[in-house]
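When the letters of the sequence shown are read in order and numbered with my numbering, they come out as residues 5 to 398.
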Amino acid sequence: MTHPLTSAPGRVLTPRRAAPADSVRPTRAEVSLEHLRHNLTELARVAQVPVWPVLKADAYGHGAKAVARTLERAGAKGFCVALIEEGIELREAGILAPILVMGSHYTGAWSELLRHQLTPVLSRIDQIEALAEEVRERGAGAFGVHVKIDTGMARLGVPLSLLADFAAALVRRPELRLDGLMTHFASAESDALFVGQQLQLFERGAELLGRMGLAFRLRHAANTAALLAHPQARLDLVRPGIGLFGLAPGMVGAERLRPVMRVRSEVISLRSLGPGASVGYGATFRAARDSCIATIPMGYGDGLSRALSNRGQVLVRGRRAPIAGAVSMDLTSVDVTDIPGVQIGDEVVVLGSQEGPLGSDTVSAEQIAAQTGTIAWEVLTGISRRVPRFYREE
């Protein structure tokens, strides 16, 4: 049967991101593979257990295929994604390590899980039955799965009150083999007491499964924050996401991590405005003096948030320049009046560091998040697929 979200029976498609060879604009995201490997090494040193990087949302906007290849060669033991589509993308990129699909979106695609040897995280009895039937029909051996226990996040996972019934259903299906048990922390960055409570509930769930005859090799719970701040949460493996890309806001140890992404564009237009002249949609910026306004070919369609209108800053020639007026879908204006020597073709850094003839500075994802009322995770994942990723070793 054809699933409504697939193009053919059992075939899941993944969206295509702009490739460097296709790019015409000077706008691009530069990804440092050296920094990526450094961050994996640092997190593995702290964890002292295998690291399974979380590469959901196109590896937090960095490009899942290239990131996964780099991390697998650097020693990552497995990977975690949210969607079957993301797992297939990694397999088609040549990734051989285990891939855990954590998002619970499996309806109509059980055959894809088996075909690509993706490990699902189960949390409902109907999932047990559907997958077991698919395995039985294929005549394959026992297929490995992980189970998620809800210990306080209240999104996915088996509530403890339902765990005995869930376990009984799993015991009845020899087509499935329980390889791992997981949970998800709600406040690892800020609430050590809640982390402890969740771990206690997780242990209760693990003991119940053991009493019912279900053995498993792996227990895992720790994201980046728990890995750094809560040693008792590291268990048998850890699942860092944002930390691999150089961010761990507010966490001890974050200073050893290096940002991996840098987003840059160039000046494509310069114009002089007199006092009172306006800039952009809605004329929300009016020059208070004789001004020089630069235009860059990047806008909210690329991930430069419209919330940065008249408040964000970019780097030009090593100095900060304020965004002038509303950020448009494809273009953004910048006030470079106080930056001498700006010319068409000059680099403009939207995210990351710049060393220029007038100095050096950094616009961090945390700073952008603070200005736009969001979190650094959204800043990184918001860099759209039409911005090509260029991978650098230095």
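Every residue, glycine too, gets a C-beta built ideally from N, C-alpha and C.
Predicted model only: the values in this text are computed from it and were never measured.
Would you report the Cα separation of residue i and residue j, rounded to the nearest angstrom?
i: Val352; j: Gln202; result: 45 angstroms
i: Gln375; j: Val199; result: 29 angstroms
i: Gly65; j: Ala380; result: 12 angstroms
i: Ser357; j: Arg324; result: 11 angstroms
i: Gly278; j: Asp339; result: 13 angstroms
i: Gly156; j: Pro124; result: 21 angstroms
i: Leu222; j: Thr228; result: 18 angstroms
i: Gly386; j: Leu308; result: 8 angstroms
i: Asp350; j: Arg396; result: 21 angstroms
i: Ile92; j: Thr341; result: 49 angstroms
i: Ala158; j: Met106; result: 15 angstroms
i: Thr31; j: Asp306; result: 9 angstroms
i: Pro326; j: Ser194; result: 33 angstroms
i: Glu211; j: Leu164; result: 11 angstroms
i: Gln52; j: Ala192; result: 19 angstroms
i: Arg128; j: Asp62; result: 27 angstroms
i: Ala373; j: Ile246; result: 14 angstroms
i: Arg41; j: Ser115; result: 34 angstroms
Measure the CB-CB distance between residue i and residue j and report whether it falls below 7 angstroms.
i: Ala369; j: Val383; result: yes
i: Leu241; j: Pro361; result: no
i: Asp154; j: Gly161; result: yes
i: Ile103; j: Glu76; result: no
i: Ala33; j: Val318; result: no
i: Arg181; j: Gly148; result: yes
i: Pro244; j: Leu47; result: yes
i: Gly286; j: Ser337; result: no
i: Ala86; j: Lys69; result: no
i: Val331; j: Gly303; result: yes
i: Ala136; j: Glu179; result: yes
Would you mind working out which of the options sits nearest residue i, comparing C-alpha positions?
i: Met265; options: Ile272, Gly257, Met186, Leu251; result: Leu251
i: Leu37; options: Arg49, Ala48, Arg73; result: Arg73
i: Ala233; options: Thr45, Leu40, Val50, Arg41; result: Val50
i: Val28; options: Glu93, Ile272, Thr336; result: Ile272
i: Leu218; options: Gly107, Ala226, Leu167; result: Leu167
i: Lys60; options: Phe83, Gly184, Pro163, Ser295; result: Phe83
i: Gly329; options: Leu312, Gly322, Arg128, Val320; result: Leu312
i: Val367; options: Ser388, Ile246, Gly316; result: Gly316
i: Leu239; options: Arg260, Cys296, His188; result: His188
i: Glu207; options: Arg390, Pro344, Met186, Thr111; result: Met186
i: Leu335; options: Pro344, Val320, Arg310; result: Arg310
i: Met216; options: Lys152, Ile297, Ala171; result: Ala171
i: Glu133; options: Leu174, Phe249, Ala237; result: Leu174
From the DSSP secondary-structure annotation, give me the bridge partner or partners of residue i.
i: Leu222; result: Gly184
i: Gln317; result: Pro326
i: Gly356; result: Val367
i: Leu298; result: Before going on, a small fix: residue 298 reads as Ala here, not Leu. Note: Ala298 sits in a beta bridge opposite Leu274, Val338.
i: Asp195; result: Paired residues: none, contrary to the question.
i: His150; result: Val125, Gly184
CB of residue i to nearest heavy atom of the ligand GTP: below 6 angstroms?
i: Gln201; result: The ligand GTP is absent from the structure shown, which contains no ligand whatsoever.
Problem set entry | Complete alpha helix (DSSP H) runs within the region 82–135 (minimum length 4 residues, chain order) | 88–96, 114–119
Exercise. Along the chain, which unbroken stretches of the beta strand (DSSP E) at least 3 residues long are found entirely within the region 197–272?
Worked result: Runs found: 222–224, 265–270.
Problem set entry | Segments assigned alpha helix (DSSP H), at least 4 residues, entirely inside the region 23–53 | 37–51
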